[in-house]
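Colleague:
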Amino acid sequence: MVTRLRDVLIFGERNWPSSGAESWDSVGLVSGALDAEVGRILLAVDAAQLTVSEAVDTSADLLLVHHPLLLRGVTAVAESSAKGSLLAQLIRADCALLAAHTNADVVETGTSAALAAALRLEQVTPIVPSADNPDRGLGRVGVLPQPMTLGALARALAGILPATATGIRAAGSFDRLVETVALCGGAGDSLLEDPKVVGADVYITSDLRHHPASESLEQTLARGRGPALIDTSHWASEWLWLDHAARELRAEFPQLDVEVSELRTDPWEFAIPQ
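If you read the sequence shown in our numbering, its first letter stands for residue 899, the second for the next number, and so on.
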């Protein structure tokens, strides 16, 4: 049975509907012929030189990524630019490029749901439900099987997520007991003041900047309640979703070779403890 790129796109639209993407996002097919035959799919968080080279070197027919390569408006894809060069390498190798970003964040097996499942959270619901489906939406909030200290939760995350130079950062007492967990895969500081986050014992997300994190902690002091914070690598927090997407693809297309890239595209190479 021959699988065409259009077949994978139909699957993608069914599992990660483009209607679920944020208005600013750019999801879907970036390059590739709809009638091209697909035999091997490589999944990665980023279309970076490492993963593009891996796709080309392993003769992948499709590189399915989470982060769109062409998120911002472009007027040229000259090979003198990084993005133009990556796109040209894929086109020359007959490897299509498909992005499933915020449309894959909100679904029941999306990025935040994958992290919640890895933590074995119970009674899981979205932080911000979708208007048309309460089981879908941004972020997740749930309850740990049993309370644990903030330090133990941070250590558990370190064992669940792929290792990065920046590791796991936490704001709050190491011995504070936590049970209700709010989380958002990727950059989630926009949800810091959401009532479900404020009502949680801890909020796990990535790319927490100084001012939003500091203001959240100060608000916690002023209110007398609020979450401890755990900051993870953006790439690592979303990498877990790739395994879920790969399983769904294998179930739909058992004839295909579907692999998840284990190459780290987190931008930081090392950190110096002080």
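Positions of the beta carbon are idealized from the N, C-alpha and C atoms, including for glycine.
Does the beta-carbon of Val-963, which I'm using as the reference point, lie nearer than 7 Å to any heavy atom of the ligand SAH?
Modeller: For the structure depicted, the ligand SAH is absent and the ligand set is empty, with no information on it obtainable.
Colleague: With DSSP collapsed to three states, give me the class of Gly-982.
Modeller: Taking the first residue of the sequence shown as 1, we reach residue 982 at position 84. DSSP places Gly-982 in helix when its eight states are reduced to three.
Colleague: The beta strand (DSSP E) that contains Val-1096, what's its start and end?
Modeller: Taking the sequence shown and counting its residues from 1, the one referred to as residue 1096 is at position 198. Not the beta strand (DSSP E): Val-1096 falls in the alpha helix (DSSP H), residues 1093-1096.
Colleague: Along the chain, which unbroken stretches of the beta strand (DSSP E) at least 3 residues long are found entirely within the stretch 947-1012?
Modeller: The stretch 947-1012 contains these whole beta strand (DSSP E) runs: 960-963, 994-997.
Colleague: Would Thr-852 be called buried (16 or more neighbouring beta carbons within 10 Å of its own) or exposed?
Modeller: Summary: the structure shown does not reach residue 852, with the chain confined to residues 899 through 1172, and so no result is reported for it.
Colleague: Compute the beta-carbon to beta-carbon distance between Val-906 and Val-950, rounded to the nearest angstrom, for a pair I have assumed lies under 8 Å.
Modeller: Taking the sequence shown and counting its residues from 1, the one referred to as residue 906 is at position 8. Taking the sequence shown and counting its residues from 1, the one referred to as residue 950 is at position 52. Val-906 to Val-950, Cβ: 18 Å. No contact.
Colleague: Look up Glu-1020 in the DSSP assignment and give the residues it is bridged to.
Modeller: Here the question's residue 1020 lines up with position 122 in the sequence shown. For Glu-1020, which the question treats as bridged, DSSP gives the partners Val-1041.
Colleague: Give me the Cα-Cα distance between Pro-1110 and Asp-1087, rounded to the nearest whole angstrom.
Modeller: Looking up residue 1110 in the sequence shown gives position 212. Looking up residue 1087 in the sequence shown gives position 189. Answer to the nearest angstrom: the Cα atoms are 7 Å apart.
Colleague: Please return the same chain residues whose Cβ sits closer than 7 Å to the Cβ of Trp-1137, not counting the five positions on each side in sequence.
Modeller: Residue 1137 sits at position 239 when you count from the first residue of the sequence shown. Closer than 7 Å at Cβ, skipping near neighbours: Val-943, Pro-1060.
Colleague: Would you check if there are 3 or more beta carbon pairs closer than 8 Å linking the stretch 976-990 to the stretch 1111-1120?
Modeller: The answer is no - the stretch 1111-1120 does not touch the stretch 976-990, with fewer than three Cβ pairs under 8 Å.
Colleague: Given a cut-off of 8 Å, decide if Asp-1129 and Thr-1103 are closer than it, judged by their beta-carbon atoms.
Modeller: What you label residue 1103 is simply residue 205 of the sequence shown in a count that begins at 1. What you label residue 1129 is simply residue 231 of the sequence shown in a count that begins at 1. In this structure, Asp-1129 lies closer than 8 Å to Thr-1103 by Cβ.
Colleague: What would DSSP say about Arg-1053, mapped onto helix, strand or coil?
Modeller: Within the sequence shown, numbered from 1, the residue matching residue 1053 stands at position 155. It is helical.
Colleague: Give me the DSSP bridge partner(s) of Asp-905.
Modeller: Counted from its first residue, the sequence shown places residue 905 at position 7. None; Asp-905 has no bridge partner.
Colleague: Counting only runs that start and end within the stretch 1091-1170, where is the alpha helix (DSSP H) found for 4 or more residues in a row?
Modeller: Runs of the alpha helix (DSSP H) inside the stretch 1091-1170: 1093-1096, 1108-1121, 1132-1150.
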